[in-house]
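Protein chains in written order, with my numbering: chain A, 271 to 682; chain B, 16 to 314; chain C, 61 to 418; chain D, 11 to 327.
Every residue gets a Cβ at the ideal spot worked out from N, C-alpha and C, and that includes glycine.
Predicted model, so just to flag it, every value in this text is computed and none were measured.
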């Protein structure tokens, strides 16, 4: 442990040449797409304005690439000042090992429990009554994005839900347009989950994921949805897949594809392309079937530092991230919803307003998947879904059976 | 050694004075293969010279009529890698800072190890060598956390020495094999003569063997520079944020699209990042073959 | 005091015993040749003497000093290798002075010694060249020079002439002998070439299977080989061997229908041995036209090989081949029936069971 | 004078090998032990190292059970065709994919590399140019190789699209999106990247062959191709061994190329063990460790006897 602290001190002094008022904080995150980078810039601007310095440590490639790097850094005794990390079970181990900065005092002083909503977000940052991370936005993954122009050009009415899209699909294909663009990897899993929750309803979905209700997971209703998915997969053949989610969104923006199923962060890409919601494109929460949204979101953790100046800067940053102005500026760019209800969102676009409406209705709101089940099981589910959607030979019943067995094996 | 390098001239069948069907076949096969090997480079270069509109509308195989170096400029100077939009150039010196000492240290360690294995074997040296060879089959990724702990305990985590150490470790199996084979192929009598002359371990290495080993050192340098320069993971984990190599920027550019994928910038960034190892291959390919001829052939 | 003394030397590579309990004493100024077929352990023994191989058991003394565990350079030896083993990146001068520099000798002394050795070997003009620019013979001279400058008592030669062509080899052979006469150092010389051994050696040690079979002056080895192996190995063309038995209380050697009188044989008690081998060198047989009972062997001429000064005639005796050296004017026609007269005083008789000379 | 303490024999050699010994023992052996031992625990995201943590997290063979039950790692369903007696096994998953890749890559790279080397050895003109062309891909990282080839082979943008644009409407090249062909697409990219290096090794081997062999073969009237195959090839054993170690260790560890080229897709049909290990690495370390243990053990079974045979015998100079 001695070498550990020594290394930490050493690293801290190396990383921080000037011990004074201004403290450099390195921030790791995997936000490198256009909309994301623009949003991060708002954070950086606000933090720099406090007299400290945001040192950007972006690592593209999402969690799989970034997570081992983040964990290594923390483990190695030279942690970053702050880091994006999925809330929930991901960080539990790190907290249990005492490697994360406790934010409880700050949270109490600023009354986070009351100004941040929904409560579930702050809860996922709370372990044994202590707050360890700061939620910065609310994301929901259940959106279908359509390019209006594609449909109007073909003399068609833009679809209001996924069923209408499927109905229109043959005509789109005929016109040489991809009905549904799709990116490889987790976007496939996201889409399958979206279809599941839209068709089966929030209650059943949460029962399966959170309460591990095998009867529902293996039941006829889910069975039917798997059949629907098997039908959809003809429109997402492997040779139409693109590597990144934002490329898939890009196809919709360019009018090469009619629709894409993606989280609200896709809105940031439309914004960068200067498209207007409700006019150039439609965003349909709950895939237009039932207006449901989950409340995932991004959070920042602050690895513990031996340097009090760093700790101070960390607390400053945590506080900055949830101030009103920063929340508005950031979320408008990111396409996500702010954590605070008490902010002025007149500048928000149609999509965000739709989201806020649902959020206030709250019955249609459900927790993010990682808050209900562990990442390992999620990965397995994702494997299953990507394989199911890519393999036309895999019967829907098989996929459902495997889904049930993963749910069954997941640790409670 | 004169007779060694003279063995580098072609030893195949004598050339015929006229174009025979056989030679025609040889050149045809070589050319077809050359086309296959050049194809991706061609694509990379012409794509990097196109504008984004041209890429989206056009055929990837057809070169542009209006080449532009904009993408190159952007990739080097202003492509966004997260918050910063300074292109790949920011990591260039870091890559040098990592590559140079890593190459030197790993080659010193491996050459001495190979020399010991070949000329001064000791008890269990064969066992160590076997484990070393097996280690070249270990998936690197499982070694990440143990190495984090090791470098942390050494007090060097997140510094240049840590990444130098890691590259030395993962370069060791292959380089040791090459050096061992090379030194084993040198005449045993030379080693004996030096010992009779009173030269010890270090004197033989530095004064007798090292001057004869330029070819194999060339190979080792080429292999290590290429591997280390292209590395992303170790650099990002062990070198510390102040030393992030160029590949970190490349990864951020290539693995994320900012408002539609800028393939031309991707390609330019790719070529720019690969320029150092590419240059080394272009200029020293001859010594590479020569060096391997000296090192890997016998043993 | 012996110059070099090997005591009970055993060397094992793993379980293989390469040298077996070997003893060898070399006198001051003596030229010893280790001779034997490849794999007999002669080079291995030399490497042990040089300290390049570690013994399993036994001791080595050089000039009365136990050097068993001493470094090669501390043993007072110089060594010359078959492949010359010159350092390719150094000049001839560099090669010769390398060891002296390591030993920390003053520059003037090094220059003096290099000067002297190059004068002895007549390689003065080559001093600033690199080995790559030298011919094989020149390289070997440099290699010898490198041993010479060490000014040691014992020189070890490991097949130094094997890489040279026949003409150069015989030239350098003579030169080596001259060198030995001049320097009077102890020289231990490994070769598989018996001509070199016979011409150069004061004593030859014939080795097989890690054991010295016989250590004697060249003439003794030639005339009185201690066993069947030595007899067969030395001499070109090889000695003729005839399997048979000794009868009449060791007075006669009988094979097939032939019976030879053994009176005059120089050796031990012959006795009656049911399995004996008579060894006859081709030059110790004469071809005669008429049989002399008890002293000749009937034979039929097969072919002959004229060799300039004399001719080697191959004959068939009882279905086996034998060779006879005859003056070239006495070449017989093939198919001719002849008789071979045996000079029993120069013959060797072996017991087939233990292969030792009787 | 006594026999010196064997500990101090070749002391310099031991000292110089000390870094290697420390690395072998501390990193390779130590890391492998850690991998094997903690593959029996429920270690999830944060790595653990102490015996107490090991005891607390011990779960026996649970990780291995899951590994071998996972379709992603390996599944070998037996297929009976109607009217046929015979059973067919078609294995899918990361492990069979890697083995397919390794076998193909080793065979094609070595034979194509040898063929190219033989042709380069015909005293051709422009040898330097050809050599550079074949060798340069080795200077590029797998990530780059993967991205470029992904693009070339992409049915949407790549070769297929281009050919159709140029009027060859029926041209079809969609391996990368075809779950049955995708591994071959990866093999193509792998060959492109590594064959030049193999060629260089082989060329070096050929140049080390004694000239007299050619004269002898010519006198005997042996055709050139037979000389290469039956005389020269067996003489190049050492270079073959080096090449094999290089190509095989690269093929077994293949990761970046797959990630950049297909990211395991379509579905998980081009998954490989290293990718499985890497992905579990940030979610379920136990799985990751058990998968690499399986990989290491299977490698060791194949390699140890061979290494002992190949390198053990040369211990005496």
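So residue i is in the beta strand (DSSP E); what residue range does that whole segment cover?
{"i": "residue 292 of chain D", "result": "Residue 292 of chain D -> no beta strand (DSSP E), and no H or E assigned at all."}
{"i": "residue 324 of chain A", "result": "323-328"}
{"i": "residue 183 of chain C", "result": "Unbroken run through residue 183 of chain C: none, as it is neither H nor E."}
{"i": "residue 571 of chain A", "result": "569-571"}
{"i": "residue 413 of chain A", "result": "413-417"}
{"i": "residue 273 of chain C", "result": "271-276"}
List, in chain order, every chain D residue whose beta-carbon is nearer than 7 Å to that of residue i.
{"i": "residue 91 of chain B", "result": "Going along chain D, no residue has its Cβ under 7 Å from residue 91 of chain B, so there is no contact; the nearest lies around 16 Å."}
I want to verify the contact list: residues of chain A whose CB lies under 9 Å from the CB of residue i, in sequence order.
{"i": "residue 289 of chain D", "result": "334, 649 and 653"}
{"i": "residue 160 of chain B", "result": "338, 341, 342 and 345"}
Using the three-state DSSP reduction, which class does residue i fall into: helix, strand or coil?
{"i": "residue 127 of chain C", "result": "coil"}
{"i": "residue 426 of chain A", "result": "coil"}
{"i": "residue 387 of chain C", "result": "strand"}
{"i": "residue 178 of chain D", "result": "coil"}
{"i": "residue 284 of chain A", "result": "Any reading at residue 284 of chain A needs caution, since the residue's pLDDT is 44, under 50, leaving its predicted position unreliable; the model's value is listed next. Residue state, collapsed to three classes: helix."}
{"i": "residue 449 of chain A", "result": "strand"}
{"i": "residue 173 of chain C", "result": "helix"}
{"i": "residue 136 of chain B", "result": "coil"}
{"i": "residue 690 of chain A", "result": "Nothing about residue 690 of chain A can be read from this structure; chain A reaches only from 271 to 682."}
{"i": "residue 673 of chain A", "result": "helix"}
{"i": "residue 62 of chain C", "result": "coil"}
{"i": "residue 67 of chain C", "result": "strand"}
{"i": "residue 403 of chain A", "result": "strand"}
{"i": "residue 85 of chain D", "result": "strand"}
{"i": "residue 296 of chain C", "result": "coil"}
{"i": "residue 289 of chain A", "result": "Caution applies to residue 289 of chain A, whose pLDDT of 43 falls short of 50 and renders its modelled position unreliable; the model cannot decide the point."}
{"i": "residue 382 of chain C", "result": "strand"}
{"i": "residue 190 of chain D", "result": "coil"}
{"i": "residue 613 of chain A", "result": "coil"}
How is the alpha helix (DSSP H) around residue i delimited, first residue to last?
{"i": "residue 459 of chain A", "result": "456-470"}
{"i": "residue 100 of chain B", "result": "Residue 100 of chain B -> no alpha helix (DSSP H), and no H or E assigned at all."}
What does residue i reach in chain B if we use C-beta pairs closer than 7 Å?
{"i": "residue 24 of chain D", "result": "137"}
{"i": "residue 20 of chain D", "result": "135 and 137"}
{"i": "residue 149 of chain C", "result": "226 and 227"}
{"i": "residue 278 of chain C", "result": "Within 7 Å Cβ-Cβ: nothing; residue 278 of chain C doesn't reach chain B, min ~27 Å."}
Against residue i, what residues of chain D qualify as contacts under a CB-to-CB distance less than 9 Å, listed in chain order?
{"i": "residue 639 of chain A", "result": "Residues of chain D passing the Cβ test: none, with the nearest at roughly 13 Å."}
Kindly list, in the order they appear in chain B, the residues whose Cβ is closer than 9 Å to that of residue i.
{"i": "residue 310 of chain A", "result": "97 and 98"}
Since residue i meets chain A, which of its residues come closer than 7 Å, beta carbon to beta carbon?
{"i": "residue 166 of chain B", "result": "346"}
List the residues of chain A whose Cβ lies closer than 8 Å to the Cβ of residue i, in chain order.
{"i": "residue 163 of chain B", "result": "342, 345 and 346"}
Taking residue i as the query, report the chain B residues whose CB atoms sit under 8 Å from its CB, ordered along the chain.
{"i": "residue 317 of chain D", "result": "145, 148 and 149"}
Original post:
Given 8 Å as the limit, is there contact between the stretch 51-60 of chain D and the stretch 362-379 of chain A, that is, 3 or more CB pairs closer than that?
Top reply: yes
**OP:** List in chain order: all unbroken beta strand (DSSP E) runs of 3+ residues lying wholly within the stretch 79-132 of chain B.
**Re:** none
Original post:
Can you list, in chain order, the stretches of the alpha helix (DSSP H) that have 4 or more residues and sit fully within the stretch 105-162 of chain D?
Top reply: 137-145
Subject >> Residue ranges of each alpha helix (DSSP H) within the stretch 517-552 of chain A, 4 or longer >> reply: 536-542
**OP:** Run through the stretch 317-373 of chain C for me and flag every whole beta strand (DSSP E) of 3 or more residues, listed as ranges in chain order.
**Re:** 318-321, 336-340, 345-348 and 356-366
Original post:
Taking three-plus beta-carbon pairs below 8 Å as touching, is the stretch 168-185 of chain D in contact with the stretch 217-229 of chain D?
Top reply: no
**OP:** Quick one: which unbroken alpha helix (DSSP H) runs of 4-plus residues sit fully inside the stretch 350-395 of chain A? Chain order, please.
**Re:** 359-366, 374-379, 382-385 and 389-394
**OP:** Starting from the N-terminal side, write out each stretch of the alpha helix (DSSP H) that is 4 residues or longer and does not extend beyond the stretch 249-316 of chain D.
**Re:** 266-271 and 283-291
**OP:** Please confirm if the stretch 174-190 of chain B is in contact with the stretch 304-319 of chain D, defined as three or more CB-CB distances below 8 Å between the two stretches.
**Re:** no
Original post:
Does the pairing of the stretch 302-316 of chain A with the stretch 604-612 of chain A give three or more beta-carbon distances under 8 Å?
Top reply: yes
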